[in-house]
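Enquirer: Dropping the structure in here first, questions after.
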Amino acid sequence: MATGTAAVLALTLAACGSDDDPAMPGMRHNASPEATRSAAPGAMGDMPGMHQAAGGNGLAGARDGYRLDSPDSTLTAGRRTAYRFTVTGPDGKPVTSFTLDQTKRMHFYAIRSDLTGFQHVHPTMASDGTWTAGLSPLASGAWRMFAAFTPDGGRGKGKDFVLSRTVTVPGTVTRTPLPAATTSTEADGYTVTVKGELMAGMAHPLTVRITKGGKPVTDLQPYLDTYAHLTAFHEGDAAFAHLHPTTEVHGDHGGPELSFHAELPSSGNWRLFLQFRTGGRLHTAALTLRVG
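Numbered per my numbering, the sequence shown spans residues 29 to 320.
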């Protein structure tokens with residue numbers, strides 16, 4: 029494990045719609061494509077990975093008797109679609125009781141294998157335990173769908189889970205490499221600067237500062253019981269990590285600095301997605317973080 033290695037981050041911002049809208053469907057890294065090929069079912073594979081957080085790294089479809097099932101192994105490119113799934117418990121029956129986590133019973137994420145196209149939505153559940161996640165149009169390629177939840181009963185009551193399955197979106201695939209590293213970027217009139225020295229397997233504070241026109245932004249609005257939601261995916265396997273906010277919420281006047289508890293267990297590149305809201309508009313900042 030490297031020691032004393034500073035985390036290096038690259039950031040690009042893109043604007044989103046309402047709170048439950050996914051991020052922009054074709055969100056790219058603003059770099060030239062490195063390869064083009066046709067997607068094939070199972071192209072993503074099982075993507076072995078590592079995260080040690082309470083919910084796990086999310087790369088398994090089953091854990092401790094709980095299982096994520098879906099009839100959808102392929103989805104159509106270029107149009108809005110609905111991804112259907114169920115969570116079954118140790119008794120083999122669909123789980124229908126979940127604890128609220130940051131105001132939602134289920135957090136659902138979609139990420140393409142090159143870590144583009146990120147979407148974070150909050151699906152709806154039918155009485156029989158079938159969930160439906162509405163997704164914006166997906167680019168062709170291999171995708172991993174993550175479900176993050178906490179059962180409110182049974183053997184796993186109160187325990188955090190992150191399970192996932194892969195899907196293929198057929199068509200010609202253009203892969204995009206991660207952008208060059210930087211600690212600050214501008215988009216939508218905002219300047220975002222990230223500070224923090226991270227080492228693999230160790231917990232460290234991570235601070236995000238947001239300014240506009242050279243002035244500190246202090247009108248951040250609450251989003252999911254916090255002023256920003258931060259999710260990370262590891263390059264190469266798309267392992268999942270949720271970085272927990274530590275900044276307290278005091279009405280519609282958050283900022284300019286946001287603090288997070290960061291513990292990324294493996295070295296390499298991580299793609300972070302920071303979501304924050306101003307003036308009723310949700311923004312998504314994509315960050316590439318190098319952990320030594």
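Glycine is no exception: its CB is placed at the ideal position from the N, C-alpha and C atoms. Being a predicted model, the structure only gives us computed values, none of them experimental.
1) Using the Cα positions of residue 146 and residue 164, report the straight-line distance between them to the nearest angstrom.
2) How is the beta strand (DSSP E) around residue 270 delimited, first residue to last?
3) Rounded to the nearest angstrom, how far is the Cβ of residue 125 from that of residue 180, given a contact under 8 Å?
4) Sort 191, 128, 168 and 190 by Cα distance to residue 199 and report the nearest one.
5) How should residue 233 be labelled, buried or exposed, when 16 other C-beta atoms within 10 angstroms of its C-beta is the threshold for buried?
6) My assumption, with CB atoms under 8 Å, is that residue 177 sits in contact with residue 134. Please give the rounded CB distance.
7) Thinking residue 306 and residue 253 are a contact (beta carbons under 8 Å), I'd like their distance in whole angstroms, please.
8) Residue range of the beta strand (DSSP E) that residue 247 falls in?
9) If you reduce the DSSP assignment to three classes, tell me which class residue 290 lands in.
10) If residue 116 and residue 92 are in contact, beta carbons under 8 Å, what's the gap, nearest whole angstrom?
11) Could you give the DSSP three-state label for residue 134: helix, strand or coil?
12) Rounded to whole angstroms, what's the CA-CA distance from residue 308 to residue 245? Just pull it up for me.
Expert: Reading from the atomic positions:
1) 10 Å
2) 268-273
3) 4 Å
4) 168
5) exposed
6) 5 Å
7) Not a contact, Cβ separation roughly 17 Å.
8) No beta strand (DSSP E) holds residue 247; DSSP gives it neither H nor E.
9) strand
10) Going by Cβ atoms, the distance from residue 116 to residue 92 rounds to 12 Å, so no, they are not a contact pair.
11) coil
12) 15 Å
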